[in-house]
Structures are given as structure tokens and as C-alpha cells.
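Notes follow once the structure below has been shown.
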Amino acid sequence: MSKKIIAVAAALVCFAVAGLTAQAADEQTAAPIAVESVAETAPAATVEAAETADNGSAIKYIAAGLAVGLACIAGGMAVGKIGAAAMGAMSENAELSGKALPFVGLAEGICLWGFLVALLIIIL
46 MSKKIIAVAA
56 ALVCFAVAGL
66 TAQAADEQTA
76 APIAVESVAE
86 TAPAATVEAA
96 ETADNGSAIK
106 YIAAGLAVGL
116 ACIAGGMAVG
126 KIGAAAMGAM
136 SENAELSGKA
146 LPFVGLAEGI
156 CLWGFLVALL
166 IIIL
């Protein structure tokens, strides 16, 4: 059990670093232009609002990374358990292969849902 916890913690750290890196890259390309253009034509309150929007993008990337990461970890754990049970059942009775393999596909769908949630987080 402790190996699973360490793996999940390592995955969370990796996704947090990836999210912060993506945010830093986004700030280097878009933020200086947006803040400078707003600063020339708007009062200081608008400049603060633009900087606050940039800070919100970091949370967006971290949330998207967590959605994909946790969904893939959970999907992998589910496929591992379901796949082992399906192989055991098929070794005893070969006719069960048509009934057991769709359950493995359903467990893999968890990863796709995590990706779709992450995509919606980034787009919206």
C-alpha cells in the first residue's frame, strides 16, 4: 500500500511541476504584452485584474494535470485488477473471453474521462 501512496505522491508532484512550467511559459509569452498594453490605456485597477487572471491560469493547469493524472492512476489500478480477474476466468473457461474483455475496456475509459475533464478545464 505504501508503494501506491508514494507513486501517487510522485505523480502529483510531476503534474504540479508541469502545471507551473506551463504557467511560466504562458507568462513569458502573453503576460508582458497584455499587462503593458493594459497599463498604457487603463487605470491601475485594471492592471491588477490582468495580473490576477494570470495567477488563475496556474491553478487551471494544475487542476487539469491533476484530473488527467488521478484518472490515469485510477484507470491503471482498475485495469490491473480487472485484467487479472479476466485472465484468471478465461484460463478456466475460454468462452468467457467475450464477456470479460469489455470490462477491461470500461476501466480504460476512466482515463479518457479524465482527459476530457482536463480539456474542458483548459478551454473553458
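Residue numbers for the sequence shown follow the working numbering, beginning at 46 and rising by one.
In this text, a Cβ means the ideal position worked out from N, Cα and C, and glycines have one as well.
Model, not experiment: these values are computed from the prediction.
Cβ atoms of residue j and residue i: under 8 Å apart, would you say?
{"i": "residue 148", "j": "residue 131", "result": "yes"}
{"i": "residue 160", "j": "residue 124", "result": "no"}
{"i": "residue 168", "j": "residue 152", "result": "no"}
{"i": "residue 118", "j": "residue 53", "result": "yes"}
{"i": "residue 166", "j": "residue 116", "result": "no"}
In terms of alpha-carbon separation, which member of the options lies closest to residue i?
{"i": "residue 10", "options": "146, 66, 155 and 56", "result": "The chain is shown only over 46 to 169; residue 10 falls outside these bounds and no answer can be derived."}
Whole angstroms are fine: how far does the CA of residue j sit from the CA of residue i?
{"i": "residue 150", "j": "residue 136", "result": "19 Å"}
{"i": "residue 145", "j": "residue 101", "result": "44 Å"}
{"i": "residue 58", "j": "residue 122", "result": "19 Å"}
Check your understanding: Taking only runs of the alpha helix (DSSP H) that begin and end inside the stretch 97 to 152, which ones reach a length of at least 4 residues, in chain order?
Key -> If only uninterrupted alpha helix (DSSP H) runs of at least 4 residues are considered, none is enclosed by the stretch 97 to 152.
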